[in-house]
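Those protein sequences? They're chains V and W, same order as listed.
Per the numbering used here, residue 8 is the first one in the first sequence, and the count goes up by one each step.
Per the numbering used here, residue 8 is the first one in the second sequence, and the count goes up by one each step.
C-beta atoms are modelled at their ideal positions from N, C-alpha and C, and glycine is treated no differently.
No experiment lies behind these values; they were computed from the predicted model shown.
2 protein chains.
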Amino acid sequence: MIRAVIVAVGREILRGRIQDTNSWTLARRLTGLGYEVMRTVACDDDRPTIAREIRRAIEDGASLILTTGGLGPTDDDLTLQALAEATGRPLVLDQEARRMVDSRYAALHRAGAVEAAGMTRAREKMAWIPGGARPLPNPVGTAPGVWLEEGGTTVVALPGVPGEMAAILEGSVLPALASRQPGAVYVERRITTEARDESEVAPVLRRIARDVPEVFLKSHPTRFGADVRLQVFASTWAGDRTVAEERVARALALLREALGEAPPGR
Amino acid sequence: MIRAVIVAVGREILRGRIQDTNSWTLARRLTGLGYEVMRTVACDDDRPTIAREIRRAIEDGASLILTTGGLGPTDDDLTLQALAEATGRPLVLDQEARRMVDSRYAALHRAGAVEAAGMTRAREKMAWIPGGARPLPNPVGTAPGVWLEEGGTTVVALPGVPGEMAAILEGSVLPALASRQPGAVYVERRITTEARDESEVAPVLRRIARDVPEVFLKSHPTRFGADVRLQVFASTWAGDRTVAEERVARALALLREALGEAPPGR
């Protein structure tokens with residue numbers, strides 16, 4: 008399975024001014040493709056800080072790093088400079104990226120959304136990307152995404168505005184990642200048990216985990232009308248969906264036998 | 008100003024099954040107290056992984072580390088073991104923590120929420136905390152929070168269930184942190200400008216930043232009815248609220264002059 012790290016760049020997240028929803032979206036979509044997200048981190052708009060987080064992800068063995076934020080035209084947008092620093096590359100003016108930026112501003116101008124078309128220094132900044140990287144079209148905003156291969160690690164930089172992030176993710180990134188076939192399938196099922204007390208469920212989960220060691224079991228209290236019941240999630244990775252489904256089904260059967268299953272809709 | 012790192016422990020976050028709202032709550036509340044959140048990270052329910060994140064936060068110079076998740080009675084709850092490992096301490100059965108756990112189960116039993124009161128191995132697990140740490144009462148759930156001083160760093164471990172996290176945060180943690188008076192006040196104000204094009208605003212922000220170098224300026228596009236306008240956030244830290252407010256007011260005046268201010272409610 009391929010391990011991934013998500014890096015959300017933006018001081019507004021650290022100040023609690025906005026909630027970072029991008030990392031959640033990315034975690035869900037990557038998991039669905041069979042990637043293992045090993046860490047998500049939110050960091051400041053600061054070049055050395057962003058570079059350090061990228062280097063740490065590489066050191067930790069991530070084969071895929073997705074960043075969000077810091078691609079725009081203003082001076083606090085520093086992700087590409089940091090990526091260049093972390094990978095020891097120069098920033099170069101990419102002609103394809105420049106054409107993307109130019110054509111987006113032409114379209115925005117036609118739509119009356121900006122005063123003038125044409126290139127300026129601030130707009131051109133978004134086309135300076137690390138050497139060897141390639142730009143990804145942004146159908147919603149103006150800053151292209153960036154795809155970079157560095158040794159065994161793929162780094163993909165996406166904008167921070169959720170609609171732009173999602174558009175590049177769905178349009179360019181996920182299709183390319185899906186074609187890599189990580190060779191692992193993640194399957195997760197849950198059961199709402201009759202149990203109400205996590206401390207009583209603990210030894211039961213320990214016993215079941217010995218019978219199905221490949222399955223990760225995790226309990227969560229959940230409200231069920233006025234009542235609390237424990238849900239148990241059983242999840243596994245396998246090279247094959249059938250194997251994964253069978254393992255999880257076996258765990259669910261053992262859970263049902265040991266803890267009971269709450270009837271639906273109670 | 009005191010630098011803080013937030014560590015959210017929980018595989019369910021990395022799988023995208025739940026959205027981590029705790030880090031957002033903590034970032035907002037810590038910022039309001041004058042702390043600088045330098046990083047938030049979400050990591051897996053794995054002892055060495057959690058320990059590594061705690062050590063990294065210490066290495067990065069955090070004076071305050073807040074963790075969420077991994078305090079419960081089940082075997083996948085590993086935060087306290089990891090905290091003991093990261094700080095080179097043994098886990099010890101804390102008698103005050105044991106009394107807290109015991110009295111919570113007695114109360115839950117009286118309320119009919121659990122079958123039996125009394126201590127079990129799984130319940131007692133929540134009272135094994137790193138040596139030298141002290142437990143924080145959990146008025147909502149069963150697992151106490153944990154407060155640990157390690158060299159110049161304070162580590163506070165909170166439960167992952169948001170209601171329990173918030174109860175211990177508001178009841179025990181924020182009052183103690185507030186009394187430390189970090190000696191820094193964070194002030195942030197925003198202005199909705201007449202500008203619509205971030206690439207045109209970039210050189211203006213650069214010029215204003217030279218006049219008020221202590222103020223961090225950041226632009227964000229925002230929808231304004233059918234229209235897009237740029238908001239600019241001006242923020243600063245200062246030892247004194249008046250100084251901070253004056254700096255930010257000066258930046259806002261310059262922004263208003265250069266970019267115009269959109270009338271409210273348009």
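Assuming residue i and residue j are in contact, meaning their beta carbons sit under 8 Å apart, how far apart are those beta carbons, in whole angstroms?
i                      : j                      : result
residue 155 of chain V : residue 94 of chain V  : 7 Å
residue 108 of chain V : residue 130 of chain V : 6 Å
residue 262 of chain V : residue 199 of chain V : Going by Cβ atoms, the distance from residue 262 of chain V to residue 199 of chain V rounds to 10 Å, so no, they are not a contact pair.
residue 75 of chain V  : residue 15 of chain V  : 5 Å
residue 91 of chain V  : residue 100 of chain V : Contact doesn't hold; Cβ gap of about 13 Å is too wide.
residue 48 of chain V  : residue 46 of chain W  : 6 Å
residue 89 of chain V  : residue 57 of chain V  : 3 Å
residue 96 of chain V  : residue 138 of chain V : 5 Å
Out of curiosity, what's the CA-to-CA distance linking residue i and residue j?
i                      : j                      : result
residue 119 of chain V : residue 206 of chain W : 15 Å
residue 25 of chain V  : residue 167 of chain V : 11 Å
residue 273 of chain W : residue 224 of chain V : Model confidence at residue 273 of chain W stands at a pLDDT of 49, short of 50, so the residue's coordinates are unreliable; what they give is reported in the following sentence. Approximately 52 Å between the Cα atoms of the pair.
residue 40 of chain W  : residue 82 of chain V  : 28 Å
residue 64 of chain W  : residue 152 of chain W : 19 Å
residue 181 of chain V : residue 160 of chain V : 16 Å
residue 238 of chain W : residue 197 of chain W : 7 Å
residue 214 of chain W : residue 19 of chain V  : 22 Å
residue 221 of chain W : residue 44 of chain W  : 18 Å
residue 249 of chain W : residue 13 of chain W  : 29 Å
residue 244 of chain V : residue 53 of chain W  : 16 Å
residue 10 of chain W  : residue 32 of chain W  : 17 Å
residue 219 of chain V : residue 253 of chain V : 11 Å
residue 34 of chain V  : residue 73 of chain V  : 10 Å
residue 266 of chain V : residue 234 of chain W : 55 Å
residue 172 of chain V : residue 110 of chain W : 48 Å
residue 79 of chain W  : residue 71 of chain V  : 32 Å
residue 260 of chain V : residue 134 of chain V : 55 Å
residue 204 of chain V : residue 190 of chain V : 38 Å
residue 51 of chain W  : residue 115 of chain V : 43 Å
residue 269 of chain W : residue 126 of chain V : 26 Å
residue 22 of chain W  : residue 247 of chain V : 19 Å
residue 169 of chain V : residue 236 of chain W : 17 Å
residue 178 of chain W : residue 150 of chain V : 44 Å
residue 242 of chain W : residue 255 of chain W : 6 Å
Examine chain V for any beta-carbon lying closer than 9 Å to the beta-carbon of residue i, and answer yes or no.
i                      : result
residue 26 of chain W  : yes
residue 228 of chain W : yes
residue 267 of chain W : no
residue 235 of chain W : yes
residue 106 of chain W : no
residue 248 of chain W : no
residue 56 of chain W  : yes
residue 149 of chain W : yes
residue 139 of chain W : no
residue 23 of chain W  : yes
Counting contacts by CB-CB distance shorter than 9 Å, is residue i in contact with chain W?
i                      : result
residue 20 of chain V  : yes
residue 80 of chain V  : yes
residue 187 of chain V : no
residue 95 of chain V  : no
residue 146 of chain V : no
residue 62 of chain V  : no
Starting from residue i, find everything on chain C with Cβ-Cβ shorter than 9 Å and list it in chain order.
i                      : result
residue 208 of chain W : Structure shown: chain C not included; protein chains present are V and W.
Q. Which residues, taken in chain order from the segment 29-51 of chain W, show a beta carbon closer than 7 Å to some beta carbon of chain V?
A. 31, 34, 35, 38, 44, 45, 46, 47, 48, 49, 50, 51
(Q) Short of 7 Å Cβ to Cβ, which residues in the segment 109-131 of chain W face chain V? (A) 120, 121, 122, 127, 129, 130
Q: Mind checking the segment 211-223 of chain W against chain V and listing, in chain order, the residues whose C-beta falls within less than 9 Å of any C-beta there?
A: 212, 213, 216, 223
Q: Identify each residue in the segment 192-206 of chain V for which the Cβ-Cβ distance to at least one residue of chain W is less than 8 Å, and report them in chain order.
A: 193, 195, 203, 204, 205, 206
Q: Name, going along the chain, the residues of the segment 251-264 of chain W whose beta-carbon falls closer than 9 Å to a beta-carbon of chain V.
A: none
Q: Could you please tell me which residues of the segment 168-183 of chain V, in chain order, have their CB closer than 8 Å to any CB of chain W?
A: 168
Q. What are the complete alpha helix (DSSP H) segments, minimum 4 residues, inside the segment 117-189 of chain W?
A. 128-132, 169-175, 181-185
Q: Check each residue of the segment 66-79 of chain V: if its Cβ is closer than 7 Å to any Cβ of chain W, include it; give the result in chain order.
A: 79
(Q) I'd like the ranges of any beta strand (DSSP E) spanning at least 3 consecutive residues and lying wholly in the segment 31-110 of chain V. (A) 43-50, 71-75, 98-100
(Q) Can you pull out the residues from the segment 152-164 of chain W whose beta carbon lies closer than 9 Å to at least one beta carbon of chain V? (A) none
Q: Only counting runs of 3 or more residues, tell me where the beta strand (DSSP E) segments fall wholly within the segment 222-263 of chain V, in order along the chain.
A: 223-231, 234-245
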